[in-house]
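In the UniProt record's numbering, the protein residues as written are 1 to 307.
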Ligand SMILES: Nc1ncnc2c1ncn2[C@@H]1O[C@H](COP(=O)(O)OP(=O)(O)OP(=O)(O)O)[C@@H](O)[C@H]1O
Ligand SMILES: [Mg+2]
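Laid out in structure tokens, this is it:
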């Protein structure tokens, strides 16, 4: 907070000691509650003869610079965290696979009563959870290079949904596809694309605890296709929306918050862009934009932007 009497003191000091202050930074909250950073400098005002006539105080709003610096700091921290995580993940994954196999062997050798079955199921599901966390961390820290191939994206989307078929049924989620053309060819890593859609579908399911609908549709826009994944879930607040792609941001007590940061990294690695729109208690729509393969432009008359 810049205090009035502090400013007076600064100016008095500048005059008295002939000692201007340089780059003092103070913070205060603006009307919207956002912190702003102000840099203060003072200087002496002299006439042509060099006699002191007064003191000047200048204010410079350096909020944007500060925000940029803190982003760079965060990236630096994440880069070293990433290297550490990648190393650790490798070391943890192998013994974990060993523990899981041994547990399964032990489970088969043990008397199959309810209590034992429950206990072993719990151990295995906790191992799977740890494995997911480690895999997510590894994918985030060091995503494997993309092997781009000509693939029909509608097929990849349908295969990803098929993989979760049982889950959709259990959670009372209905998934529909609207692909105006039979095939849309793009240059992508098929495995990574599946990871992307699995993450989006899983998030949508989590956002609809009472069940609901996921609709996937494609709109071709010249050199690009836009793939929309829309759900009828609880939506994302305006406050959280800018943070959902941040690593470790999660509102799910069981989540790691790495899903969407991996998704974003993979989309970019595959030459695409990802965007999101959401309305609380109505639903969320993710849009993935991918370049189509040259010479395979597709135009559609329909406008999907309002769906
Ligand atoms: N379709 C959606 N509807 C509502 N909120 C969503 C949706 N997708 C993402 N979110 C919000 O974004 C957050 C971050 O998503 P992200 O996939 O990165 O992590 P997560 O699902 O919480 O954990 P995990 O690491 O297991 O994926 C979620 O916790 C949720 O708050
Ligand atoms: Mg997720």
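Note that CB positions come from ideal geometry on N, CA and C, so glycine has one too.
- Task: Please name the residue or residues paired with residue 288 in a DSSP beta bridge.
- Result: Taking the first residue of the chain shown as 1, we reach residue 288 at position 288. In DSSP, residue 288 forms a bridge with 227 and 274.
- Task: Taking all protein chains shown into account, decide if residue 247 is buried (16 or more other Cβ within 10 angstroms of its Cβ) or exposed.
- Result: By one-based count along the chain shown, residue 247 stands at place 247. Residue 247 is buried by the Cβ-count criterion.
- Anyone know if the C-beta pair for residue 212 and residue 233 falls short of 8 Å? Within the chain shown, numbered from 1, the residue matching residue 212 stands at position 212. Within the chain shown, numbered from 1, the residue matching residue 233 stands at position 233. The answer is yes: Cβ separation under 8 Å.
- Message: Measuring straight from C-alpha to C-alpha, what distance separates residue 209 and residue 201?
- Response: As a position in the chain shown, residue 209 is number 209, starting the count at 1. As a position in the chain shown, residue 201 is number 201, starting the count at 1. In a straight line, the C-alpha of residue 209 is about 13 Å away from that of residue 201.
- Message: Considering Cα atoms alone, identify which of 190, 23, 43 and 4 is closest to residue 149.
- Response: Along the chain shown, read from residue 1 onward, the residue named residue 149 stands at position 149. Out of 190, 23, 43 and 4, 190 has the C-alpha closest to the C-alpha of residue 149.
- Task: Note the first and the last residue of the continuous alpha helix (DSSP H) segment covering residue 14.
- Result: Along the chain shown, read from residue 1 onward, the residue named residue 14 stands at position 14. Where residue 14 is concerned, the enclosing alpha helix (DSSP H) stretches over 4 to 17.
- At a cut-off of 7 Å, is residue 199 close to ligand 2 when judged by its beta-carbon and the heavy atoms of the ligand? The count along the chain shown starts at 1 and reaches residue 199 at position 199. Yes, the beta carbon of residue 199 sits closer than 7 Å to at least one heavy atom of ligand 2.
- Alpha carbon to alpha carbon, what distance is there between residue 258 and residue 107? Here residue 107 corresponds to residue number 107 of the chain shown, with the count starting at 1. Here residue 258 corresponds to residue number 258 of the chain shown, with the count starting at 1. Distance between the alpha carbons of residue 107 and residue 258 is about 32 Å.
- Item | Exposure of residue 117, with buried meaning 16 or more beta-carbon neighbours within 10 Å | By 1-based counting over the chain shown, the position of residue 117 is 117. It counts as exposed.
- Task: Return the Cβ separation of residue 37 and residue 63 in integer angstroms, given the expectation that the two are a contact with Cβ distance under 8 Å.
- Result: If you number the chain shown from 1, residue 37 lands on position 37. If you number the chain shown from 1, residue 63 lands on position 63. Indeed they touch by this definition, with Cβ atoms about 5 Å apart.
- Query: Among 217, 153, 39 and 169, which residue has its Cα nearest to the Cα of residue 291?
  - Reply: To locate residue 291, count along the chain shown from 1; it is residue 291. With distances taken between Cα atoms, residue 291 lies closest to 153.
- Might you give, ordered along the chain, the residues of its own chain that have their beta carbon closer than 8 Å to the beta carbon of residue 315, omitting 5 neighbours on each side? The shown model of the chain, from 1 to 307, leaves out residue 315, and the question about it has no answer.
- Query: Considering only residues of the stretch 160 to 186, which uninterrupted alpha helix (DSSP H) runs meet the minimum length of 4 residues and lie entirely inside it, listed in chain order?
  - Reply: 165 to 170
- Would you list the one or two residues that DSSP bridges to residue 110? Numbered from 1 along the chain shown, position 110 holds the residue referred to as residue 110. According to DSSP, which records beta bridges pairwise, residue 110 is partnered with nothing at all.
- Message: I'd like to confirm the pairing. Which residues does DSSP put opposite residue 216 in its beta bridges?
- Response: Here the question's residue 216 lines up with position 216 in the chain shown. Residue 216 is bridged to 177 and 229.
- Query: Which runs of the beta strand (DSSP E) fall wholly inside the UniProt domain "PAC" (22 to 74) and span at least 3 residues, in chain order?
  - Reply: 24 to 29, 35 to 46 and 52 to 61
- Query: Once you ignore the five residues that flank residue 302 on each side, which residues in its own chain have a CB closer than 8 Å to its CB?
  - Reply: Taking the chain shown and counting its residues from 1, one reaches residue 302 at position 302. Reliability of the predicted coordinates at residue 302 is poor, the pLDDT of 43 falling under 50, and no value is obtained from them.
- Going by beta carbon distance, what residues of the same chain come within less than 8 Å of residue 273, once the five residues before and after it are set aside? Sequence index remark: in the chain shown, residue 273 carries index 273 (1-based). These residues qualify, in order along the chain: 267, 288 and 289.
- Query: Does the Cβ of residue 244 lie closer than 7 Å to at least one heavy atom of ligand 1?
  - Reply: The count along the chain shown starts at 1 and reaches residue 244 at position 244. Yes, ligand 1 has a heavy atom inside 7 Å of this Cβ.
- Query: Can you tell which of 175, 158, 177 and 223 has its C-alpha closest to the C-alpha of residue 195?
  - Reply: As a first step, residue 195 must be located in the chain shown, where it is residue number 195. Among 175, 158, 177 and 223, the Cα nearest to that of residue 195 is on 158.
- Beta-ladder partner(s) of residue 152, from DSSP: Counted from its first residue, the chain shown places residue 152 at position 152. In the DSSP output, where bridge partners are listed per residue, residue 152 has 185.
- Message: For residue 14, count the other beta carbons within 10 Å of its own beta carbon; 16 or more makes it buried, fewer makes it exposed. Which is it?
- Response: Counted from its first residue, the chain shown places residue 14 at position 14. Answer is buried; the Cβ neighbour count reaches 16.
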